[in-house]
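Chains as they are written, first to last, in the working numbering: chain A, 1161 to 1393; chain B, 871 to 1489; chain C, 1121 to 1415. Just so it is clear, CB atoms sit at the ideal spot from N, CA and C, and this is done for glycine as well.
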């Protein structure tokens, strides 16, 4: 479904990604783990069109989408839940969700709104409240719901459990499971490596802008050298 | 030392003479070829414009803040000059009700000019405070609007206070016995302006201002207070503008509100932009180019103009060549340069700088390697019980950290652990709700960034913040200036030696933005060391580096710190790097310090492993 | 008491126009970070459209929609020709680009129409008044306030209830994230210029009715008022801009009535000076938009 080949992205003179290749098949939950600064966010940004890669290609559902704008990528069916959630704090929960469905018709949008209420009952209670007043867990759910409003075929999440209390982390992973059941393809960046590996079908380990390991969650969990690789020993 | 004197004083002096000569020579040549009073006057006007444009360049170029207000200052100076210099009998006819007993004031021209400059200086101090405050708070945009407002205030007052200014129609006509019939005063002021512009740009204050223009945050983190430097630039620039404005009024023989208003602001700013706002040479080039262009388009627009014997009036382009074509030309020049070449023809190229690099710069000898300090001056950094909350989110809980000079302390933790918040507290960007932080018992909690650097805590940035258009050497010199002013009790290392120590000797005269990534990092380190710090705070110094580069960095940091006798606080995500470099390590997780100890102790700590791999933390 | 009320009505009338102008400035600043010194050009162009059509004896009822159309069209054209080329540039470039646009537009009128002031007739009711008790209210002021309230309500509806409005607000708050949601940057910026041009058009109708004349630099004054009001309100805040507009209008009227006769015509100068002092104490404006310093 998503095929990334030899992707290199720079920030000024900093090479944040060096010839990264990965693939995500339809219906899979794929984890992307690695230490802070490894280039995970850069990778998602380069796929979603926020950053222009120097080299390499991104192919989504057979179409070359390298360097396409974020609005194009979304219309192609790929959504990104950005790092730090980036919800629109001055807008209400409802408005945030509607923005998520901006590419769709009014009827489809209302349909999806109802779906989101069912999927995230906590949001329904805060429907008319400015999103800035939500707690961390609620805000994260809103960010994910907002991305789902576009009915993406592939959803990418950047550190959805960041800054959440353990019980809310459970909730996020629970949600990932539910999305998997609904057949949504997911690519998730996580710091919480162990849990991510348990929750994903496959995972890639990124370090210093390079993929250093990949395999199924269980395979990677069995790797004893993981701790060292992970923290850079 | 000799090198610097020749670069910063002798070369600009000689360069100013050449620039002045070129401008004057070109003008005289034009006069000779065309002849007649009109040509003569055009040249005179150009020379006066040049003074005012250089005045604006001194502020706009060195601070990077766009100002419309300098023409407003010009208006104040022009009116003050006129009111002071016009004879009392003449004033009695034109402004008999002038306030403050101004009717009776009788000054000679030069005294009047001096008084005008003094008045503008007072006004500039007041406005400068507002500019600095709003500029610091909400960026250059609101500073620009304040200058814009100044232009309108002066215009409104000029139009609507006829008792003082003669109003919008009558104005003040010059009758002081004689009007300006000699170019000598203009030439003197012009040469003075060029010289001041060049010397200021090369001076300590000028270069600190440029550093702040290039990267305000980084400049503050090095101990530069941009507000002070901007104020200095403002005061120097308004003196030059006022002198020019006074001469303009003197030469014109009268002043009306529109003399110093929108049209003149457009003209002078276009001259500055076209030539290159960051350079005195550029400003002068802009004056020449736009004077010629404007004169040419003006003539094109006039009826009966012939160009090499071809009458343009009958041409099919008659609909273009109309009266006032020169204003369209100005507007389009401004637009075109902004869209396609915002830094103008010359960017920051200076005649004397080029000549110095070409002919004056001796191939200096690479300095001997620096020995590490044997005796490290003691210093203690202490952060105690830091609590930071953002809304309901507790970013740091009772975080306490100490460090001694000579020691390297690592701070690690997973993403979201509070590392960034801790850095922000230590660099004065976030005020903790509880807790305090000090160096040698001097409380530094929520002090401005420049005060921290002056007390001895200098930082680097995760995303690299160099002064991009300055050379490697100039980058380090900025730090050296600060060290000389505020850190004189420490061992001050030679700039060139630090550059060599960082492995940048061959690159010393290259612009920082041309360096590759590793060299940029090394420059940032050398620049930090040049502030003679007690402590260096390195924020993710290896982000974006490969493993081998990271390990090379360990040696570099150690050596550089030992050379200036500084303690190091290094924040990084990379446990390998941190354990390799640190004497002691603090581990943060979820806003708390969960472990502290030697690298071996920390690596063996179960809570640390849990925090990193993400199984439920046992604490 | 009556005097205060009288001033209040006058101030609201004046402030209404400023609020519309400021809102247009704020909308553009929100999506492009451009402080638009060319915001008055819509009114300059409208002025000549009014002059041209009124000279032909057309009724104001016809001229008003013409002005609105001209204003919107000018706004779109300026964006296409100039601002679209400097998107994402630094503040310095953006500011001077808009300054350049201002001069090109006004000098084109000097070149092809006339440099001098040209008068046209206002609508017949412009000086009519009616009374509530001892309060004398100009029909004009009442109309301005009424239309402004309606316009602000409609704009609020647009921003709160339509997808375009939501997109615009989202883009103003966080452009990249809005694009991630599928908001098209091109259409949202163009839409912002349409909205801003429309608001300037309404303000322009009243401005021109009152002025009864047009000059090539006729847009300078309204532009300055709009920019200052937006700044007083706090750059980037739409609510602040409207607030700033009313504050500026009231301040002008109140100052004019309080200042002694001799210096009353220096009101504008005083207002500017007060604004400058205001900024020294509150550099972020009335409603400060949080702007994190990115390291």
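Can you find a C-beta in chain C that's less than 8 Å from the C-beta of residue 1243 of chain A? By one-based count along the first chain, residue 1243 of chain A stands at place 83. No - not a single Cβ of chain C is within 8 Å of the one on residue 1243 of chain A.
Is there contact here, the stretch 1079-1095 of chain B with the stretch 1150-1162 of chain B, by at least three beta-carbon pairs under 8 Å? no
Helix, strand or coil: how does DSSP classify residue 1306 of chain C here? Taking the third chain and counting its residues from 1, one reaches residue 1306 of chain C at position 186. DSSP places residue 1306 of chain C in helix when its eight states are reduced to three.
Which residues in chain C sit within 7 Å of residue 1208 of chain A, going by Cβ to Cβ distance? As a working mapping, residue 1208 of chain A is identified with position 48 in the first chain. The answer, in chain order, is 1300.
Inter-residue Cα distance where the pair is residue 1266 of chain A and residue 1317 of chain A: Taking the first chain and counting its residues from 1, the one referred to as residue 1266 of chain A is at position 106. Taking the first chain and counting its residues from 1, the one referred to as residue 1317 of chain A is at position 157. Answer to the nearest angstrom: the Cα atoms are 26 Å apart.
Since I believe residue 1186 of chain A is in contact with residue 1250 of chain A (beta carbons under 8 Å), could you give me their beta-carbon distance rounded to a whole number of angstroms? Translated into positions along the first chain, residue 1250 of chain A becomes position 90. Translated into positions along the first chain, residue 1186 of chain A becomes position 26. The Cβ separation is near 37 Å, so there is no contact.
Only counting the same chain, and skipping five residues up and downstream in sequence, which positions put a Cβ closer than 7 Å to that of residue 1273 of chain A? Numbered from its first residue, the first chain carries residue 1273 of chain A at position 113. 1257.
Length at least 4, wholly inside the stretch 1307-1349 of chain A: the alpha helix (DSSP H) runs in chain order: 1326-1341
Along the chain, where does the beta strand (DSSP E) that runs through residue 1423 of chain B open and close? Reading the second chain from its first residue, position 553 is the one you call residue 1423 of chain B. Segment 1417-1434 is the alpha helix (DSSP H) holding residue 1423 of chain B; no beta strand (DSSP E) there.
Can you name the residues that DSSP bridges to residue 1332 of chain B? For the purposes of this step, residue 1332 of chain B is taken as the residue at position 462 of the second chain. Per DSSP, none; premise fails for residue 1332 of chain B.
Check each candidate in A:1300, A:1367, A:1181 and A:1295 and name the one with the smallest Cα separation from residue 1244 of chain A. As a first step, residue 1244 of chain A is located in the first chain; it is residue number 84 there, counting from the start. Ranking A:1300, A:1367, A:1181 and A:1295 by CA distance to the CA of residue 1244 of chain A puts A:1300 first.
What residues of chain B sit near residue 1393 of chain C, judged by a beta carbon separation below 7 Å? Position 273 of the third chain, counted from the first residue, corresponds to residue 1393 of chain C. Under the 7 Å cutoff, chain B gives 1023.
In the stretch 1228-1242 of chain C, which residues sit with their C-beta less than 8 Å from some C-beta in chain D, listed in chain order? Here chain D cannot be found, since the structure's protein chains are A, B and C.
Count the other CB atoms within 10 Å of the CB of residue 1327 of chain C; is the residue buried (16 or more) or exposed (fewer)? Along the third chain, one-based indexing puts residue 1327 of chain C at 207. It counts as buried.
Please confirm whether residue 1405 of chain C and residue 1355 of chain C have their CB atoms less than 8 Å apart. For the purposes of this step, residue 1405 of chain C is taken as residue 285 along the third chain, with counting starting at 1. For the purposes of this step, residue 1355 of chain C is taken as residue 235 along the third chain, with counting starting at 1. Yes; because the gap between Cβ atoms is below 8 Å, this pair is in contact.
Taking DSSP as the reference, what is the three-state secondary structure of residue 1486 of chain B? Counting from one through the second chain, the residue named residue 1486 of chain B turns up at place 616. Per-residue confidence for residue 1486 of chain B stands at a pLDDT of 42, beneath the threshold of 50, marking its modelled position as unreliable; no derived number is given.
Near residue 1413 of chain C, what residues of its chain come up, given a Cβ to Cβ distance below 6 Å and the 5 sequence neighbours on each side ignored? Taking the first residue of the third chain as position 1, residue 1413 of chain C is located at position 293. Low local confidence applies: a pLDDT of 38 at residue 1413 of chain C is under 50, so the model's placement there is unreliable, and no value is given.
Taking residue 1415 of chain B as the reference, give the member of B:1305, B:1192 and B:1447 with the closest Cα. Your numbering for residue 1415 of chain B matches position 545 in the second chain. Ranking the options by Cα distance to residue 1415 of chain B, first place goes to B:1447.
What does DSSP give as the partner residue(s) for residue 1376 of chain A in the beta ladder? Here residue 1376 of chain A refers to the residue found at position 216 when the first chain is read from its first residue. Paired residues: A:1362.
Closer than 8 Å, CB to CB, is residue 1144 of chain B near chain C or not? Position 274 of the second chain, counted from the start, is the residue given in the question as residue 1144 of chain B. No - not a single Cβ of chain C is within 8 Å of the one on residue 1144 of chain B.
Which residues bound the beta strand (DSSP E) around residue 1273 of chain B? Here residue 1273 of chain B corresponds to residue number 403 of the second chain, with the count starting at 1. Segment 1263-1274, the beta strand (DSSP E) holding residue 1273 of chain B.
Can you pull the DSSP bridge partners for residue 1250 of chain C? The sequence position of residue 1250 of chain C within the third chain is 130, counting from 1. C:1257, per the DSSP bridge assignment.
Inside the stretch 1059-1145 of chain B only - alpha helix (DSSP H) runs reaching at least 4 residues: Fully enclosed alpha helix (DSSP H) runs of 4 or longer: 1074-1084, 1086-1091, 1096-1122 and 1132-1145.
Looking at residue 1043 of chain B and residue 1123 of chain B, is the spacing between their C-beta atoms short of 8 Å? Within the second chain, residue 1123 of chain B is the residue found at index 253, counting from 1. Within the second chain, residue 1043 of chain B is the residue found at index 173, counting from 1. Yes, these two residues count as a Cβ contact at 8 Å.
Quick one, which residues of the stretch 1432-1464 of chain B are near chain A if we go by CB-CB under 9 Å, in chain order? 1442, 1443, 1444, 1445, 1446, 1447, 1448, 1449 and 1460
Hey, residue 1014 of chain B and residue 894 of chain B: beta-carbon distance below 8 Å or not? By one-based count along the second chain, residue 1014 of chain B stands at place 144. By one-based count along the second chain, residue 894 of chain B stands at place 24. In this structure, residue 894 of chain B does not lie closer than 8 Å to residue 1014 of chain B by Cβ.
When you check each C-beta in the stretch 1307-1338 of chain B against every C-beta of chain A, which residues fall closer than 8 Å? Hits within the stretch, in order: 1333 and 1334.
Can you check whether the CB of residue 1180 of chain A is closer than 8 Å to the CB of residue 1348 of chain A? The residue you call residue 1348 of chain A lines up with position 188 of the first chain. The residue you call residue 1180 of chain A lines up with position 20 of the first chain. It is not a contact, given that the beta carbons lie outside the stated cut-off.
Is there a Cβ from chain C that is less than 8 Å from the Cβ of residue 1016 of chain B? Working through the second chain from its first residue, we reach residue 1016 of chain B at position 146. Yes, residue 1016 of chain B counts as interfacial toward chain C.
Does the distance from the CB of residue 1223 of chain C to the CB of residue 1154 of chain C come in under 8 Å? Taking the first residue of the third chain as position 1, residue 1223 of chain C is located at position 103. Taking the first residue of the third chain as position 1, residue 1154 of chain C is located at position 34. For residue 1223 of chain C and residue 1154 of chain C, no; Cβs fall outside 8 Å.
If we cut at 8 Å on Cβ distances, does residue 1411 of chain B have a partner in chain C? Position 541 of the second chain holds residue 1411 of chain B. So no, residue 1411 of chain B is outside the interface.
Would you say residue 1212 of chain B faces chain C, with C-beta separation under 8 Å as the test? Taking the first residue of the second chain as position 1, residue 1212 of chain B is located at position 342. Answer yes: the Cβ-Cβ gap between residue 1212 of chain B and chain C drops below 8 Å somewhere.
Considering residue 1216 of chain A, what are the terminal residues of the beta strand (DSSP E) in which it resides? As a working note, residue 1216 of chain A is residue 56 in the first chain. 1215-1220 is the extent of the beta strand (DSSP E) around residue 1216 of chain A.
Euclidean distance between Cα positions of residue 1357 of chain B and residue 1320 of chain B: Numbered from 1 along the second chain, position 487 holds the residue referred to as residue 1357 of chain B. Numbered from 1 along the second chain, position 450 holds the residue referred to as residue 1320 of chain B. Near 13 Å, if we compare the C-alpha coordinates of residue 1320 of chain B and residue 1357 of chain B.
What is the DSSP secondary structure of residue 1294 of chain C, counted as helix, strand or coil? In the third chain, the residue the question calls residue 1294 of chain C occupies position 174. Residue state, collapsed to three classes: coil.
Establish whether the CB of residue 1026 of chain B and some CB of chain C are separated by less than 8 Å. The residue labelled residue 1026 of chain B in the question sits at position 156 within the second chain. Cβ-Cβ to chain C under 8 Å: yes for residue 1026 of chain B.
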